[in-house]
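Numbering (UniProt numbering), first residue to last: 1 to 112.
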């Protein structure tokens with residue numbers, strides 16, 4: 001497994017694969033990401049990230065059934081691996097821990 005560091009976009013892609021569960025393929029991931037983040041995202045960025053996450057061992061993929069809607073072409077479906085679940089939980093724990101350390105005065109208008 002390559003490095004364990006996750007960038008923000010990698011984290012978002014992993015979370016989107018988890019959300020889509022058994023329907024996570026390139027275009028469905030792109031559509032969900034754009035809706036969730038209110039950003040315009042290039043499909044090539046999604047594909048490159050999916051390959052990188054699979055190389056890191058956080059995702060696995062297989063070819064799904066062909067559909068007439070896709071002109072008879074199969075789609076590559078993605079799933080989280082156990083390592084992907086672990087790394088997402090670690091990121092969540094780290095973020096939650098750091099959010100809890102922010103002094104309440106920041107949120108009460110005390111500012112910096």
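Here a beta-carbon is modelled for each residue, glycine too, at the ideal position from N, C-alpha and C.
Per-residue burial, residue 94 [other beta carbons within 10 Å of its own, 16 or more giving buried]: Classification for residue 94: exposed.
Please confirm whether residue 5 and residue 26 have their CB atoms less than 8 Å apart. The Cβ atoms of residue 5 and residue 26 do not sit closer than 8 Å to each other.
For residue 50, tell me which candidate among 80, 98, 34, 89 has the shortest Cα-Cα distance. Of the listed residues, the one whose Cα sits closest to residue 50 is 80.
What three-state label does DSSP hand residue 6 in the structure shown? In the structure shown, residue 6 sits in coil (DSSP, three-state: anything other than H, G, I, E or B).
Based on Cα-Cα distance, which residue from 96, 12, 109 lies nearest to residue 53? It is 12.
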